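Chemist: First the structure, which I've put down as structure tokens, then a few questions once you've had a look.
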Amino acid sequence: MMVTRKRRLAALMAVAMLAVGVSACGDDDSSSSSGDGGAPPPGVTDTTVKVGGHFPLTGPAAPGYSQIPKGIEAYFEYVNAQGGVNGRKLEYIARDDGYNPTNTVKVTRQLVLQDKVFALLSGLGTPTHTKVVDFLNASKVPDLFVASGCLCWNEPEEHPWTFGWQTDYLTEGKILGQYVAEKYGGKKIAYFTQNDDFGEDGVKGLDMEIPKDQVVARETYESGNTEIGPQVAKIKAAGADVVVAFTVPAYTALLRLAQVQLNDVTPLVVSNVGSDPTTLGGLLKSFSKGKADTSLIEGMETASYLPALGDTENPWIELFSKVRQEYLADEPLDGNILYGMATAYTFVTALERAGEDPTRQGIVDAIKEGDLQGPGLVPTRYSADSNAGYSGVQIGVVKDGVIELTGEPLVTDAGEGAIEPYTEEQPPPPSEGVPGT
Amino acid sequence: MAATEQRAADPGVDPAGLATRLSRLTLTRNLGIALVAGVVLLLISNALSPFDNLQLATMAYTFIAVAGLSLLTGLNGQVSLGHGALMAIGAYTAAKLFAEDPGPGWPLLAVLLAATAVTALAGVVIGAAAARLRGPYLAGATLALAVALPSISERFPDFLGGSNGLTIIPPLPPSGLGVDFALERWHAWIACLGALVAFVVLANLVRGRQGREWRAVRDDEIAAELCGLHVARSQVLAFVVSAACCGLAGGLFVVVTQLAAPGAFPLALSVSLLAAAVLGGLGSLGGAAAGAALIVLIPRWSDDASAALGLTTNVQANLALAIYGLLLIAVVLLAPRGIAGIFGRAAHAVRTRWESQQMRRHERRGEVG
Chain A
1 MMVTRKRRLA
11 ALMAVAMLAV
21 GVSACGDDDS
31 SSSSGDGGAP
41 PPGVTDTTVK
51 VGGHFPLTGP
61 AAPGYSQIPK
71 GIEAYFEYVN
81 AQGGVNGRKL
91 EYIARDDGYN
101 PTNTVKVTRQ
111 LVLQDKVFAL
121 LSGLGTPTHT
131 KVVDFLNASK
141 VPDLFVASGC
151 LCWNEPEEHP
161 WTFGWQTDYL
171 TEGKILGQYV
181 AEKYGGKKIA
191 YFTQNDDFGE
201 DGVKGLDMEI
211 PKDQVVARET
221 YESGNTEIGP
231 QVAKIKAAGA
241 DVVVAFTVPA
251 YTALLRLAQV
261 QLNDVTPLVV
271 SNVGSDPTTL
281 GGLLKSFSKG
291 KADTSLIEGM
301 ETASYLPALG
311 DTENPWIELF
321 SKVRQEYLAD
331 EPLDGNILYG
341 MATAYTFVTA
351 LERAGEDPTR
361 QGIVDAIKEG
371 DLQGPGLVPT
381 RYSADSNAGY
391 SGVQIGVVKD
401 GVIELTGEPL
411 VTDAGEGAIE
421 PYTEEQPPPP
431 SEGVPGT
Chain B
1 MAATEQRAAD
11 PGVDPAGLAT
21 RLSRLTLTRN
31 LGIALVAGVV
41 LLLISNALSP
51 FDNLQLATMA
61 YTFIAVAGLS
71 LLTGLNGQVS
81 LGHGALMAIG
91 AYTAAKLFAE
101 DPGPGWPLLA
111 VLLAATAVTA
121 LAGVVIGAAA
131 ARLRGPYLAG
141 ATLALAVALP
151 SISERFPDFL
161 GGSNGLTIIP
171 PLPPSGLGVD
181 FALERWHAWI
191 ACLGALVAFV
201 VLANLVRGRQ
211 GREWRAVRDD
221 EIAAELCGLH
231 VARSQVLAFV
241 VSAACCGLAG
251 GLFVVVTQLA
261 APGAFPLALS
271 VSLLAAAVLG
281 GLGSLGGAAA
291 GAALIVLIPR
301 WSDDASAALG
311 LTTNVQANLA
321 LAIYGLLLIA
331 VVLLAPRGIA
341 GIFGRAAHAV
351 RTRWESQQMR
361 RHERRGEVG
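Chain order of the listed sequences is A and B. The end of the first sequence is residue 437 by our numbering, with every number in the run present. The end of the second sequence is residue 369 by our numbering, with every number in the run present.
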């Protein structure tokens, strides 16, 4: 008898669940147009603006990068506390794609079709975001400040709604390449890069500056496969004097640990996206079960388009430290949170510029006006015929666990153009730390 | 209790319930069901938002794969942990044949048929090997397939796109439907139509001679052989039909997501297909539909729930898996024949109660008389 009752209960549960499922499917709302004319665009109400992005919140690319949305949210809260943008509070939705392109397709559609965001902001990753660019452009959703330095975000003819933000990997590769070619003239140089557009763009830039006969090894890794011992052994066997890496943080840490296991102390030059010392310190500690820490990457060289965290005198770092203290008290200010806040600042500038009643076309036009340097060390390339972000980087070195910038900011183009120093003083943030104040 | 056992002895698919009595002819009955289901799905699809249509399309192609697996395991007794890999074969076939950026591709129907056919062909090879294996060995072999096959794409990055995958231009709705017709609704229509076709074909196979043969082989191979059945051929055929379903599901997956990448077909997919088949009720097409709906809806519910409860990302990422696990345990303990079994038993209980009431009334009348 007892059993029958239990079974009946199970049946009832199943029926109830299915009923909930049907009702969950039943909310009819077929507004899918991009909202031109009188009605406000999707994601914009009288009191709010909703934007969102996709990030690896779990999985191998999550360490470090999962902090970026926290930075965005913290800066948005700071802006909201000062009345928002044109009276509207900012909302941010970060959805987890685990750096898996299939999930990116899923969660991006969820953001656009279900959450009905006004725009995408800072969707992260090259292999991931390339899968949704067509969808976003076909749906006429502003695809702002993709968190990746792929050249492919700057195709204004084909993808007018997509905008890059950080310095592209080719430009960064050129500048790092010139630095390495000067410092290690005549020495043996090895590359270690991610086997996709990210690594390839970087190598393209490096090869423009580093003489081909100096490159003794060109090793790659597949994101997701953490077994990189063979590649590192080959680099050691080639007798490299320096390793230039275009890697995500997890693979920078794995590279360093694999070197240590081979008693290899060859110095590293790492691209901006894989070099945040706080993230690397945590990764080194967790991969080595507590035996290694930031001391392993002391002296590592990299490049940055944002002010260095160690430069506490810089007014932008002061501003973002203050925001972190108020809205993200239990997290240290690392490169990823700084990145998130700086992206959010750029977005707020553009939204402010788009006026009292922002439209999707309006914010795109506002960005194309250019002059969005904000917290950057170098100007942006946004213009009527360019959707590209920052135009250069400054070389930096890890000292006592923080990046210290050396020399001066360098700018160039994503082509054959020369590398030139950028000498203008970085403009300070507005007094209240919110654009337009 | 005796009646329950009698029912348990006949695990055949009974998607029709009362309709079985109305129509004796399997084909017309199944076509009728498909027609009614088609009209209902059309009405549902028209009422749904684009995102919910996307979920409907996902349910539809998942149903096809789950139904194929449910048939293989439930009716023919072969366990497979590799059906996600079979979906990958269908998906990559479709992605290669669809219009890639330059040049025109095959028409939609031809692509889906080719995806089905190529996967069925793979099913012949795998099925021939599978027919020689039993129980855990078969599960192990198919498991290896699920692990190894998707990484083949990384070996041939130029042809199969590596871990980046292949992207296609989505099939657009015909202009006759109007400019505002949502792409997602069109894809839901395509996927649902595919699911209905698969349903009619499978339901006929299952109710017919082939289905009886499969069940006979599942229940006792030696007895089946003594009856003159070709056991190995019957098992290979079951695998081929099952693989063809996965091929169609994979093809529709590409239509809906415009992407074929190794990350879409992890081991977890194969396992969740099996979980859906067990949750719904092995061997039941209705159960497969319920199971497919659950594996699409559970992640959505768990996301909403964890957002509402403010859970951390790590909990959120694993909540859906935990719910699957709990549901699976509950189903295996409380309703071994899954959701379909629950409904079947409920319908049966109503019928017996009604019949016994009739009987009692009859008896009483007899006493009075």
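Virtual Cβ for every residue (Gly too), placed ideally from N, Cα, C. No experiment lies behind these values; they were computed from the predicted model shown.
Which residues in chain A sit within 7 Å of Leu-259 of chain B, going by Cβ to Cβ distance?
Modeler: Chain A residues near Leu-259 of chain B: Pro-101, Thr-102, Val-105 and Lys-131.
Chemist: Note down, in chain order, all residues in the segment 108-122 of chain A with a beta-carbon under 7 Å from any beta-carbon belonging to chain B.
Modeler: Against chain B - using a Cβ distance shorter than 7 Å - the residues of the segment 108-122 of chain A are Arg-109, Gln-110, Leu-113 and Gln-114.
Chemist: Just to confirm, are Ala-94 of chain B and Val-254 of chain B a CB contact at a threshold of 8 Å?
Modeler: For Ala-94 of chain B and Val-254 of chain B, yes; Cβs fall inside 8 Å.
Chemist: What three-state label does DSSP hand Arg-337 of chain B in the structure shown?
Modeler: Coil, per DSSP.
Chemist: For Leu-282 of chain B and Gly-173 of chain A, I'd like the C-alpha separation in whole angstroms.
Modeler: Taking the straight line joining both Cα atoms gives about 56 Å.
Chemist: Could you tell me if Asn-272 of chain A is buried or exposed, where buried requires 16 or more neighbouring beta carbons within 10 angstroms of its beta carbon?
Modeler: Answer is buried; the Cβ neighbour count reaches 16.
Chemist: In this structure, does DSSP put Arg-134 of chain B in helix, strand or coil?
Modeler: In the structure shown, Arg-134 of chain B sits in coil (DSSP, three-state: anything other than H, G, I, E or B).
Chemist: Buried or exposed for His-54 of chain A, going by 16 or more other Cβ atoms inside 10 Å?
Modeler: Per the 10 Å Cβ criterion, buried.
Chemist: Which residue comes first and which comes last in the beta strand (DSSP E) that contains Thr-419 of chain A?
Modeler: Checking the sequence, you will find Ile at residue 419 of chain A rather than Thr. Counting along the chain, Ile-419 of chain A falls outside any beta strand (DSSP E), and DSSP gives it neither H nor E.
Chemist: Given a cut-off of 8 Å on the beta-carbon distance, is the pair Ile-44 of chain B and Leu-56 of chain B in contact?
Modeler: Contact flag set, yes.
Chemist: Name the chain B residues whose beta carbon is nearer than 8 Å to that of Leu-58 of chain A?
Modeler: First, the residue type needs correcting, since residue 58 of chain A is Thr and not Leu in the sequence shown. Chain B residues near Thr-58 of chain A: Thr-313, Asn-314 and Ala-317.
Chemist: Would you mind giving the Cβ-Cβ distance between Trp-214 of chain B and Ala-238 of chain B, rounded to the nearest angstrom? I have them listed as a contact below 8 Å.
Modeler: With a Cβ gap of about 5 Å, Trp-214 of chain B and Ala-238 of chain B count as contacting.
Chemist: Gly-291 of chain B and Ala-277 of chain B look like a contact to me (Cβ under 8 Å); what is the Cβ gap, rounded to whole Å?
Modeler: About 6 Å; that satisfies the 8 Å criterion.
Chemist: Under 9 Å Cβ-Cβ, which residues of chain B neighbour Ser-66 of chain A?
Modeler: Correct list: Thr-313.
Chemist: Give me the residue from A:Glu-408, A:Leu-176 and A:Tyr-179 with the minimum Cα distance to Ala-308 of chain A.
Modeler: For Ala-308 of chain A, the nearest C-alpha among the options comes from A:Glu-408.
Chemist: Rounded to whole angstroms, what is the Cα-Cα separation between Val-105 of chain A and Val-271 of chain B?
Modeler: For Val-105 of chain A and Val-271 of chain B, the distance between alpha carbons rounds to 22 Å.
Chemist: Beta-carbon of Gly-224 of chain A versus every beta-carbon of chain B: anything under 8 Å?
Modeler: Gly-224 of chain A counts as touching chain B.
Chemist: Note down, one range per segment and in chain order, each beta strand (DSSP E) of at least 3 residues found wholly within the segment 144-171 of chain B.
Modeler: Correct list: empty.
Chemist: Is there a Cβ from chain A that is less than 8 Å from the Cβ of Thr-62 of chain B?
Modeler: No - not a single Cβ of chain A is within 8 Å of the one on Thr-62 of chain B.
Chemist: Quick one: what does DSSP say Asp-378 of chain A is sitting in, helix, strand or coil?
Modeler: One detail in the question is off: residue 378 of chain A reads as Val in this sequence, not Asp. Looking at Val-378 of chain A - three-state DSSP - the assignment turns out to be coil, as it is neither helix nor strand.
Chemist: For a cutoff of 8 Å on Cβ pairs, would you count Ala-249 of chain B as touching chain A?
Modeler: Output row for Ala-249 of chain B: interface = no.
Chemist: Based on the DSSP output, what are the partners of Leu-121 of chain A in its beta bridges?
Modeler: In the DSSP output, where bridge partners are listed per residue, Leu-121 of chain A has A:Leu-144.
Chemist: What three-state label does DSSP hand Glu-326 of chain A in the structure shown?
Modeler: Three-state result, Glu-326 of chain A: helix.
Chemist: Give a yes or no on contact between the segment 408-420 of chain A and the segment 315-329 of chain A, applying the rule of three or more CB pairs nearer than 8 Å.
Modeler: Taking 8 Å as the limit for Cβ pairs, the verdict is that the segment 315-329 of chain A does not touch the segment 408-420 of chain A.
Chemist: Run the CB neighbour count on Cys-227 of chain B, radius 10 Å, all protein chains shown included, and call it buried at 16 or more, exposed below.
Modeler: Classification of Cys-227 of chain B: exposed, given that the 10 Å Cβ count is below 16.
Chemist: Output yes if chain B places a C-beta closer than 8 Å to the C-beta of Pro-160 of chain A; else output no.
Modeler: For Pro-160 of chain A, the answer is no, since every Cβ of chain B falls outside 8 Å of its Cβ.
Chemist: Can you give me the start and stop residues for the beta strand (DSSP E) that Ser-304 of chain A sits inside?
Modeler: Element bounds for Ser-304 of chain A: 301-304.
Chemist: With a 10 Å radius around its C-beta and 16 neighbouring C-beta atoms as the bar for buried, classify Glu-184 of chain B as buried or exposed.
Modeler: Buried is the call here.
Chemist: To the nearest whole angstrom, what separates the beta carbons of Ala-191 of chain B and Leu-252 of chain B, a pair I think is in contact under 8 Å?
Modeler: Contact flag correct, Cβ pair sits at about 5 Å.
Chemist: If we cut at 8 Å on Cβ distances, does Pro-102 of chain B have a partner in chain A?
Modeler: With a pLDDT of only 49 at Pro-102 of chain B, under 50, the local geometry of the prediction cannot be trusted, and the value read off the model is given with reservation. False, the Cβ-Cβ gap to chain A never drops below 8 Å.
Chemist: Less than 7 Å between C-beta atoms, sequence neighbours within five positions excluded: which residues of the same chain meet that for Ala-240 of chain A?
Modeler: Cβ neighbours of Ala-240 of chain A beyond the five flanking positions: Lys-188, Ile-189, Ala-190, Val-216, Ala-217 and Thr-266.
Chemist: For Gly-310 of chain A, which residues in the same chain have their Cβ closer than 6 Å to its Cβ, ignoring the five residues on either side in sequence?
Modeler: These residues qualify, in order along the chain: Val-402 and Glu-404.
Chemist: Just the Cα atoms here: how many angstroms apart are Leu-321 of chain B and Ala-85 of chain B?
Modeler: Roughly 20 Å separates the two Cα atoms.
Chemist: Against chain B, does Glu-424 of chain A count as a neighbour if the rule is that its beta carbon must be under 8 Å from one of theirs?
Modeler: No - not a single Cβ of chain B is within 8 Å of the one on Glu-424 of chain A.
Chemist: Taking Cβ-Cβ distances shorter than 8 Å, what residues in chain B pair up with Pro-127 of chain A?
Modeler: Going along chain B in sequence order, the residues near Pro-127 of chain A (Cβ under 8 Å) are Ser-163 and Asn-164.
Chemist: State yes or no: is the beta carbon of Asp-357 of chain A nearer than 8 Å to at least one beta carbon in chain B?
Modeler: Answer no: the Cβ-Cβ gap between Asp-357 of chain A and chain B never drops below 8 Å.
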